[in-house]
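Participant: Numbering (the UniProt record's numbering), first residue to last: 1 to 236. C-beta atoms are modelled at their ideal positions from N, C-alpha and C, and glycine is treated no differently.
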Ligand code: ATP
């Protein structure tokens, strides 16, 4: 097991955002978290990345607890987060965005090899390498946000709502990119609001609602389960 979240509880002040959530991700899988607004999906990603501290429970990565470690230590251990809303630097070039993320100039040795590998995955970024990131389309900016997270060669990529605000065609392209990353050996945990897209992408899917785990299973099983839609919108 690459990632194992056990009885996770997160509170903002006194308000619980996640209650006793357990989930796991094996190496090589794509796993999705789905659920309506406020379900706790982003909070779960932020807790795994060390940005918010759990009130209770444990998070293990490669068999070791990472709970309470600072985000930079968790990143060094091999977990990268593509946050909701992309957060790229619009006034920097594509190249500069990648350099900032890598902490290296991208000119020598291993760093150069990783830049080349990432750019090969995103030809559009190669084309726009010296252009301002703020001038990329929404879909291209999302690709840059993913590329930036990949520059440190993570073992586990956390991607929060990659299709948010994108036209369907661009969202499709971003999802195609996520599939190709898995083929390239990266394990993915992806938050997605659209159940249809999540089920089409992931090997397994967890459905959250109001901070609780409602259903989980192989995506093809959930896609055929009439309870799934009902559970997504409430009532189950
Ligand atoms: P969305 O799709 O809207 O991003 P989500 O499933 O990612 O929803 P979260 O953003 O994790 O859900 O929010 C879970 C709960 O925690 C919600 O009730 C939300 O209002 C609350 N919450 C999230 N961030 C904060 C914060 N910084 N301070 C206080 N409450 C927060």
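(1) In chain order, what residues of the same chain lie with their CB nearer than 6 Å to the CB of residue 202, ignoring the 5 residues before and after it?
(2) So within the region 60-99, which uninterrupted alpha helix (DSSP H) runs reach at least 4 residues, ignoring any that extend past its ends?
(3) Classify residue 73 as buried or exposed, calling it buried when 16 or more other Cβ atoms lie within 10 Å of its own Cβ.
(4) Quick check: is any heavy atom of ligand 1 less than 7 Å from the C-beta of residue 220?
(5) Taking only runs of the alpha helix (DSSP H) that begin and end inside the region 170-225, which ones reach a length of at least 4 residues, in chain order?
(6) Using a Cβ-Cβ distance under 8 Å, would residue 150 count as near chain B?
(7) Specify, as a first and last residue, the run of the alpha helix (DSSP H) that residue 145 falls within.
(8) Would you kindly work out how many angstroms separate the C-alpha atoms of residue 15 and residue 48, rounded to a whole number?
(9) Residue 33 lies in the beta strand (DSSP E); which residues open and close that run?
(10) Return the CA-CA distance between residue 236 and residue 213, expressed in angstroms with no decimal places.
(11) Figure out for me which residue from 51, 55, 11 and 65 has the closest Cα to the Cα of residue 1.
(12) Quick one: what does DSSP say residue 18 is sitting in, helix, strand or coil?
(13) Rounded to whole angstroms, how far is the Cβ of residue 82 from the Cβ of residue 162, which I believe are closer than 8 Å?
Facilitator: In this structure, then:
(1) 30, 31, 32 and 219
(2) 71-77
(3) exposed
(4) no
(5) 195-201 and 219-223
(6) Considering every chain present, this structure includes no chain B. It has just one protein chain.
(7) 138-150
(8) 19 Å
(9) 30-34
(10) Because residue 236 sits at a pLDDT of 46, beneath the cut-off of 50, its placement in the model cannot be relied upon, and the point is left open.
(11) 65
(12) strand
(13) 7 Å
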